[in-house]
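Visitor:
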Amino acid sequence: MNNQQVAEIFDRMGDMLEIKGESIYRVLAYRKAAESIRSFGLAIQQVWENGQLRQIPGVGEAIESKIDELLKTGKLGYYEKLKAEIPESLVEVLRVGDVGPKKALRFWRELGITSVEGLEAAARAGRLRDLPGMGTRSEAKILENIEALKKRQTDRILLGIAWPVARGLLERLREITWVTAAEAVGSLRRWRETVGDVDLLVASHKPRDVMSAFVRFPEIARVLGQGDTKGSVELANGLRVQLWVHPPERLGTALQYATGSQAHNVRLRELAQDQGFSLSEHGFKRADGKEILCSEETKVYDTLGLPWIPPELREDRGEIQEARAGRLPNLVRLEDLVGELHAHTNWSDGRHTLEDMARAALASGLRYLVITDHSRSLGVANGLSIERLREQSKVIDEVQRSVKGIRLLRGAEVEILADGRLDYPDEVLAELDLVCASLHTSLRQPREKVTARLLGAIENPHVDMIGHPTGRLVGSRDAADLDIDPILQAAAERGVALEVNASPDRLDLSDVHARRARDLGCLIAINTDAHRPEHFDLRIYGVGVARRAWLGPDQVVNTWPVDHLLAWLRGRGGGG
DNA sequence: GCCGTTTTCGGCCCGACTGTTTTCAGTCG
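Count along the first sequence starting at 1, add 667, and that's the number in the numbering used here.
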């Protein structure tokens, strides 16, 4: 059982306990444990085998023994007991907007509803309106929310889809006369790999006017709520957008609040309490009612005696303790990246010529580019035979003569074959400046086998980098079943760089794995895996992952000047 | 259920918005 699966069970138990009316703190404890397990850098199985479950934040005596039972027997008596009390399908009803634990319980107890389908039928039959606290309006709203739920394919959308939407809306919000600032907040600003909705914050003294202008934007299909400081809408494509409006003199606290994460905010508010304040999106307040306003976010942290914490770190993963101790990491920035180590051309499955890609990389500010087309066995991607690879090498030299200002290097994205061999013999790999080894096929092999393939590639002295190490696609394909920690350790020992693939549907390594890689001292490369010129712009997403992983520029090889990079590669036995 | 340079017990963030209500419960973030 992996971390995600264990976390899922604790989340479900949390939902069931909440429906049952258990203490909210007990419910929150289950959810905190679930989130912690999900974002823990080590495989839960391994942590369990080492008897270190209590090292996971939020896991105490009771939850430890539940995890133990679950991993030992594959079952959990307490979970089974809950399922006997509360229909498990009832938790699905919680996904409908405006339906929380209280209503879910009532629907089940009084109307026998145990599923979203059942809820829909009851609403259509007009059976919800007569329940206490309900009426025709709430009944109609629930029907609308069920429709919206069906239209939404998944609960969370890719960051790479949400950002362009957010940028478009922000641009239009800034055009509104009374708006003095507009920013993306929430998980977007924290660069989480997926977002549940798009959160936006604007500064203005005319909140009502701003709000009514906003809800009239043409792409808005439905207004879910509209108040003075907060409005919530749904776009035609089902994406939900939330807008907060606060006066400029309170923008700092509002920005801090709306950026989250919720767990981070709770920690800050606890700190505020310790210092005799109450902290909210509006400002700091003393018991005597006296307020401290913050127009800047830095002042919020300063008031709490902390340095400003970058949004990407605000997940309650130790950032507050480190900030307190003055040990916040110096995070890598987009402008630190000077090279791209993974790019394709029309020699394999790219769409553009080598020269086009070189010029595009130069135009996007890069100083070096490694051409890494696919190797021979990847037929669907028009992988290069050894002859074509050598031919390409000459073309790289030619293009280098005509394109100045960017250093072109010879590389390849070499298949790690199903039996663990690499797709080119060592003497061919030795001719290249950089070898990126990647898995594209046989990702569903058993754990030992697929782990051994990666370990084997790392052990090969010609391999400099592992491309998209786990093979996952965000939200659509699970990672290969890997024993990730030994892989990270081997890469750290051998000085092989691990890729953070910046393509929004990969983001592989993930933030959690990259954080573990960072802690183990692995070298990291932030690459776009560009197949088209515009893909070089995607590196901002890889930077987001790296920052969430607490990575600084020194550990990221493509922040190094080309001479430094070449020295590293030569030291590894590359051609150079 | 978890957790502690004030605590091993008694705390556990704070507010907006909606709908159904005459003061609030439920939901959401």
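Cβ coordinates follow ideal geometry from the N, Cα and C atoms, glycine included. Model, not experiment: these values are computed from the prediction.
Excluding the 5 residues preceding and the 5 following K1196 in the sequence, name in chain order all residues of the same chain whose CB lies nearer than 6 angstroms to its CB.
Guide: Per the sequence presented here, residue 1196 reads as Asp, with Lys not at that position. Closer than 6 angstroms at Cβ, skipping near neighbours: H1009, N1168, S1170.
Visitor: Please list the segments of the beta strand (DSSP E) lying wholly inside the stretch 1144-1175, counting only runs of 3 or more residues, in order along the chain.
Guide: Listed in chain order, the complete beta strand (DSSP E) runs (minimum 3 residues) inside the stretch 1144-1175 are 1164-1168.
Visitor: Can you tell me which of the three DSSP states R1074 falls into?
Guide: The answer is strand: DSSP assigns R1074 an E or B state.
Visitor: Are the beta-carbon atoms of R1034 and G1078 separated by less than 8 angstroms?
Guide: It is not a contact, given that the beta carbons lie outside the stated cut-off.
Visitor: Assuming contact is defined by CB atoms lying nearer than 8 angstroms, are G727 and E736 in contact in what I supplied?
Guide: Not a contact, by the Cβ cut-off of 8 angstroms.
Visitor: Measure the C-alpha to C-alpha separation of R1237 and L1036 and round it to an integer number of angstroms.
Guide: Answer to the nearest angstrom: the Cα atoms are 17 angstroms apart.
Visitor: Taking the straight line between their C-alpha atoms, what separation do you get for A792 and G779?
Guide: Roughly 14 angstroms between the two C-alpha positions.
Visitor: With a threshold of 6 angstroms on Cβ separation, who are the neighbours of R1120 within its own chain once the five nearest residues in sequence on each side are excluded?
Guide: Hits under 6 angstroms: I1083, G1087.
Visitor: Only counting the same chain, and skipping five residues up and downstream in sequence, which positions put a Cβ closer than 7 angstroms to that of L798?
Guide: Only R773, E777 meet the Cβ criterion.
Visitor: Note down, one range per segment and in chain order, each beta strand (DSSP E) of at least 3 residues found wholly within the stretch 1171-1242.
Guide: Qualifying beta strand (DSSP E) stretches, in chain order: 1191-1194.
Visitor: Three-state secondary structure (DSSP) at V1037?
Guide: If DSSP states are grouped into helix, strand and coil, V1037 belongs with the strands.
Visitor: Relative to the C-alpha of V1210, which residue among F881, L1004, G835 is closest?
Guide: The residue with the shortest Cα to Cα distance from V1210 is L1004.
Visitor: Assign S1143 to buried or exposed, taking buried as 16 or more other Cβ atoms, counted over all protein chains shown, within 10 Å of its Cβ.
Guide: With fewer than 16 Cβ atoms within 10 Å of its Cβ, S1143 is classed as exposed.
Visitor: Could you give the uninterrupted runs of the alpha helix (DSSP H) lying entirely in the stretch 1105-1148, keeping only those of 4 residues or more?
Guide: List check, alpha helix (DSSP H) in window: 1114-1126.
Visitor: Do S1042 and E982 count as a contact pair if the criterion is CB distance below 8 angstroms?
Guide: It is not a contact, given that the beta carbons lie outside the stated cut-off.
Visitor: How should G622 be labelled, buried or exposed, when 16 other C-beta atoms within 10 angstroms of its C-beta is the threshold for buried?
Guide: In the structure displayed, the chain extends from 668 to 1243; residue 622 sits before or after that span and is not available.
Visitor: For the alpha helix (DSSP H) holding R951, just list the boundary residues, first then last.
Guide: Strictly speaking, residue 951 in this sequence is Phe, with Arg absent from that position. Taken as a continuous stretch (DSSP letters only), F951 belongs to no alpha helix (DSSP H), being part of the beta strand (DSSP E) at 950-953.
Visitor: Taking the C-alpha atoms as reference points, what is the distance between L1205 and R1214?
Guide: Answer to the nearest angstrom: the Cα atoms are 15 angstroms apart.
Visitor: What does the Cβ neighbour count give for A674, buried or exposed, with the cut at 16 atoms within 10 Å?
Guide: Buried, because 16 or more other Cβ atoms sit within 10 Å of the Cβ of A674.
Visitor: Can you tell me whether S732 is buried or exposed, with buried defined as 16 or more other CB within 10 angstroms of its CB?
Guide: Result: exposed.
Visitor: What would DSSP say about A751, mapped onto helix, strand or coil?
Guide: DSSP places A751 in helix when its eight states are reduced to three.
Visitor: Please classify V999 as buried or exposed, where buried requires at least 16 neighbouring CB atoms within 10 angstroms.
Guide: Buried, since its Cβ has 16 or more Cβ neighbours within 10 Å.
Visitor: I'd like the list of long-range same chain contacts for L1045, defined as Cβ closer than 7 angstroms, with 5 residues on each side in sequence excluded.
Guide: For L1045, where only same-chain residues beyond five positions count, the Cβ hits under 7 angstroms are E1082, H1107.
Visitor: With three or more C-beta pairs closer than 8 angstroms as the rule, is the stretch 1145-1165 touching the stretch 1175-1187?
Guide: A contact exists between the stretch 1175-1187 and the stretch 1145-1165.
Visitor: Just verifying my parser: in three-state terms, what is the DSSP assignment at V862?
Guide: If DSSP states are grouped into helix, strand and coil, V862 belongs with the strands.
Visitor: Could you tell me which residues DSSP puts in a beta bridge with H913?
Guide: Note: H913 sits in a beta bridge opposite A870.
Visitor: Alpha carbon to alpha carbon, how far is A710 from E1094?
Guide: Straight-line Cα distance between these residues: approximately 37 angstroms.
Visitor: Need the endpoints of the beta strand (DSSP E) that H1009 sits in, please.
Guide: Counting along the chain, the beta strand (DSSP E) containing H1009 begins and ends at 1006-1010.
Visitor: Quick one: what's F944 bridged to in DSSP?
Guide: R953, per the DSSP bridge assignment.
Visitor: With a cut-off of 8 angstroms on the beta carbons, I'd call F1203 and A1048 a contact; round off their distance for me.
Guide: About 19 angstroms; that fails the 8 angstroms criterion.
Visitor: Give the range of the beta strand (DSSP E) segment to which K631 is assigned.
Guide: Here the chain covers residues 668 to 1243 and nothing more, so residue 631 does not appear.
Visitor: Leaving aside the five residues before and after V852 along the sequence, list all residues of the same chain whose C-beta is less than 7 angstroms from its C-beta, in chain order.
Guide: Counting only Cβ-Cβ distances below 7 angstroms, and skipping sequence neighbours, we find D866, L867, L868, L922, A925, T926.
Visitor: Only counting the same chain, and skipping five residues up and downstream in sequence, which positions put a Cβ closer than 8 angstroms to that of G1243?
Guide: Confidence at G1243 is low in this model, with a pLDDT of 42, below 50, so the placement of that residue should be treated as unreliable; the coordinate-derived value is given next. Once the five neighbours on either side are set aside, the close Cβ partners of G1243 are D1100, L1233, L1236, R1237.
Visitor: With DSSP as the reference, identify every bridge partner of Q893, one or two as the case may be.
Guide: Its beta-bridge partners are G898.
Visitor: How big is the Cα-Cα spacing for S1109 and T1039?
Guide: Spanning the two alpha carbons is a distance of roughly 21 angstroms.
Visitor: For W830, name the three-state secondary structure that DSSP assigns.
Guide: In this structure, W830 counts as helix in the three-state DSSP scheme.
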